[in-house]
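Numbering (the working numbering), first residue to last: 418 to 668.
Even for Gly, the Cβ is constructed at its ideal location relative to N, Cα and C.
What follows is one structure encoded as C-alpha cells, with my remarks underneath.
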Amino acid sequence: MSSSKEWYFAVENQNMRKWMSETYGVSEDIEEDTPEWEEMAEAYQNMIDGEDYEAEMQWFAEHPYHEIYDSYTIKMHQLQNMLSSDSDSYLDQMKHQMMYSHAVTLFEAMVGDIIKASVKTFPHMMERLTQGCANIETEKYTLKDIIKHNGVEGIAMLKLNDLTFHNIRIVEQYVNILSEGKLNSSHKSDMFKITSMRHDFVHRNGATKDGDYHKINGKAVDSTIEKILRYSVDVYKAISDAAEKRNDAKF
418 MSSSKEWYFA
428 VENQNMRKWM
438 SETYGVSEDI
448 EEDTPEWEEM
458 AEAYQNMIDG
468 EDYEAEMQWF
478 AEHPYHEIYD
488 SYTIKMHQLQ
498 NMLSSDSDSY
508 LDQMKHQMMY
518 SHAVTLFEAM
528 VGDIIKASVK
538 TFPHMMERLT
548 QGCANIETEK
558 YTLKDIIKHN
568 GVEGIAMLKL
578 NDLTFHNIRI
588 VEQYVNILSE
598 GKLNSSHKSD
608 MFKITSMRHD
618 FVHRNGATKD
628 GDYHKINGKA
638 VDSTIEKILR
648 YSVDVYKAIS
658 DAAEKRNDAK
668 F
C-alpha cells in the first residue's frame, strides 16, 4: 500500500474514532474486536453516505439538467477541436483511441447526470423513476435498507449511481421509464457500433474478438462525435419533454 493511501486510511480511522467517542461516549482507543464496534462503524458509514448523498443532491439542485446538457455539448465540441490531422503514427492512433473512448464517457456521464437532475427537480420524474425501478428490480430491500438510503428515493438514486450508461440498452430503458414511452431514434444502431468499438479500445487495445485491429484517424473520431451528439439530442429531448410537459391527467 502506498504511503498516501496509508495516510488517508489513518486519518479516516481517526475521524471515525472521534465520531464514535462524541456520539456514543466511548474511548477513541476502543478496540475493533469489542461487541459494539461493528454497529458503531456501520452507523458512521451510514452517516458519511448520507452526507455524500445530500451533497450530491444539492449539486443537482444547483445545476439544472439543461445546464448539464449544454456543458456536455461544449466539451464534445472542444474534443473535436483537439483532433489532429490524419497520421498513421502509433502515437496518433493511441491518442485517437483515447479521444474516441472519452467521447463515449462524456455521453455516459451526461445521461446519468441529466436523469439525476431531472428527478431531483421534478417530483413526477422521481415518481416515475421509483416506480420503474420497482418494476425491474429483483433485489429485495428491508426497512433497514430504506432508512439507510434515505427512503425509497435514495435507493432509486443508488441504483442510478451503479449503472453504466455506455450500455445503450440501459440508456433506453431508463429514458423510456422517465418518458413513459419508447425512445425513437434513427441513430441507435450507430450508438451500438460506437460503444462496441469503444469496448474494443478500452479492453482489447483496439482489437475485435477475432483479433482484428480497428484503424482510426481524426476524421473518424470527428464523425463519431457527431453521431453521438445526434443521438444525445434525441435522449435529451425525450427527458426534457417528460420533465417539462407533465401529463396532469396521469397524476
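Option nearest residue i by Cα separation, candidates the options
i      : options                           : result
Glu484 : Ser606, Ala534, Ala573 and Glu643 : Ala534
Glu459 : Ser444, Val650, Trp436 and Thr625 : Trp436
Lys671 : Ile572, Arg586, Gly529 and Ser613 : Residue 671 is absent from the model: the chain starts at 418 and stops at 668.
Val638 : Lys422, Leu500, Asn463 and Ile585 : Leu500
Gly628 : Asn634, Ser657, Asp617 and Gly635 : Asp617
Ile572 : Thr547, Lys636 and Val536         : Thr547
Met457 : Arg545, Ile465 and Tyr441         : Tyr441
Leu496 : Met511, Glu597 and Met516         : Met516
Ile587 : Ser518, Gln462, Val652 and Met493 : Val652
Ile642 : Asp469, Asn622 and Ile491         : Ile491
Asp487 : Ala660, Glu661 and Ser649         : Ser649
Glu589 : Asn622, Lys512, Glu473 and Met608 : Met608
Leu508 : Val536, Ile465, Gly635 and Ala624 : Gly635
Ser640 : His513, Asp466, Met527 and Asn601 : His513
Same chain, Cβ closer than 8 Å to residue i, neighbours up to 5 away in sequence not counted
i      : result
Trp454 : Ile447 and Glu448
Arg434 : Glu445, Asp446 and Ile447
Lys605 : Ile585, Glu589 and Tyr648
Distance, residue j Cα to residue i Cα
i      : j      : result
Tyr489 : Phe524 : 8 Å
Ala478 : His541 : 16 Å
Thr581 : Arg647 : 20 Å
Trp476 : His620 : 32 Å
Thr451 : Leu595 : 47 Å
Ser603 : Glu429 : 50 Å
Phe693 : Asp658 : The requested residue 693 is not part of the displayed model; the chain covers only 418 to 668.
Thr538 : Pro481 : 8 Å
Ser518 : Gly598 : 30 Å
His494 : Gln431 : 45 Å
Asn593 : Ile656 : 9 Å
Gln510 : Lys644 : 20 Å
Tyr630 : Asn498 : 26 Å
Ala666 : Gly549 : Low per-residue confidence applies at Ala666: pLDDT is 43, beneath 50, and the placement is therefore not dependable, though the value from the model is reported in the following sentence. So the alpha carbons of these two residues sit roughly 19 Å apart.
Ile633 : Arg545 : 41 Å
Gly529 : Arg615 : 18 Å
Glu471 : Ile531 : 17 Å
Gln462 : Leu575 : 15 Å
Asn408 : Lys422 : An answer regarding residue 408 cannot be provided, because it is not within the stretch 418 to 668 covered by the chain.
Leu577 : Trp424 : 31 Å
Leu600 : Asp579 : 22 Å
Phe668 : Asp469 : Below a pLDDT of 50, predicted positions are generally treated as unreliable, and Phe668, at 45, falls in that range; the measurement from the model is reported next regardless. About 31 Å.
Asn664 : Ile465 : No answer about Asn664 holds up, because its pLDDT of 45 lies below 50 and its placement is not dependable.
Lys654 : Ala660 : 10 Å
Val536 : Met527 : 14 Å
In DSSP terms, what residue i is bridged to
i      : result
Tyr630 : Ala624
Spatial neighbours of residue i in its chain, beta-carbon cut-off 7 Å, leaving aside the 5 residues before and after
i      : result
Ser444 : Ser438
Glu570 : Met543 and Thr547
Gly623 : Gln514, Asp617, Tyr630 and His631
Met474 : Lys537
Tyr591 : Ile532
Other residues of its chain near residue i: CB distance less than 6 Å, five sequence neighbours each side excluded
i      : result
His583 : Val521, Glu525 and Thr612
Lys610 : none
Lys662 : none
Write down every uninterrupted run of the alpha helix (DSSP H) in the region 481-518 whose length is 4 residues or greater and which is fully enclosed by it, in chain order. 482-498
Suppose only complete runs of 3+ residues qualify. What are the beta strand (DSSP E) ranges in the region 565-613, listed by chain order? none
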